[in-house]
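K.L.:
Structure below; questions to follow.
Structure (structure tokens):
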């Protein structure tokens, strides 16, 4: 196969610009010893693999390459079995068939711990912003609306119910209406 890229050398003569990664302590000492030229080279031989488009593949080839609904359901079922073993037995399996990595976030205590971490971080940020007097009122309003809008709607509905009960006559209280 013919080479795609000829062997090429590139030299860096200038120091990195300010938007690039800051230098580490070890590179700081190397810079002050003297400038060194660095080079990059590419392989003379590169392999090119043609990947056919999905339209060019036969049905059997597609079934062999891509997962279908049955495969996804099987994987999901295996994940549930593994998760169940993790929760009930405290067993974190590592084998060719079962592996727990990535499933630990689905455990009940992991969800509550995640919520606690988020709550802690948000409160720490708000406390720091209050202390430095840089609290973003629009953000606080948007964040609290998630929680307060539901409770405000529930309070409004309860108020309507209380007002309706207060204005009902004694006769209607004894004979409640039944709607079917």
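Numbering (UniProt numbering), first residue to last: 1 to 180. For every residue, glycine included, the Cβ atom is placed at its ideal position computed from N, Cα and C.
(1) Could you give the first and the last residue of the continuous alpha helix (DSSP H) run that contains residue 233?
(2) Measure the alpha-carbon distance for residue 95 versus residue 102 and round it to whole angstroms.
(3) Looking at the structure shown, is residue 125 part of a helix, part of a strand, or coil, going by DSSP?
(4) Tell me whether residue 82 is buried or exposed, calling it buried when 16 or more other Cβ atoms sit within 10 Å of its Cβ.
(5) What does the alpha-carbon distance come out to for the pair residue 68 and residue 88?
(6) Who pairs with residue 75 in a beta bridge, going by DSSP?
(7) Tell me the DSSP secondary structure of residue 51 in three-state form.
P.N.:
To lay it out plainly:
(1) Residue 233 is absent from the structure shown; the chain starts at 1 and stops at 180.
(2) Along the chain shown, read from residue 1 onward, the residue named residue 95 stands at position 95. Along the chain shown, read from residue 1 onward, the residue named residue 102 stands at position 102. Each residue's Cα considered, the two are about 15 Å apart.
(3) Residue numbering aside, residue 125 sits at position 125 when the chain shown is read from its first letter. Residue 125 falls in the helix class under three-state DSSP.
(4) In the chain shown, the residue the question calls residue 82 occupies position 82. Classification for residue 82: buried.
(5) For the purposes of this step, residue 68 is taken as the residue at position 68 of the chain shown. For the purposes of this step, residue 88 is taken as the residue at position 88 of the chain shown. If you take the alpha carbons of residue 68 and residue 88, they lie about 30 Å apart.
(6) Numbered from its first residue, the chain shown carries residue 75 at position 75. Answer is none; residue 75 lacks a bridge partner.
(7) Position 51 of the chain shown, counted from the start, is the residue given in the question as residue 51. The answer is coil: DSSP assigns residue 51 none of H, G, I, E or B.
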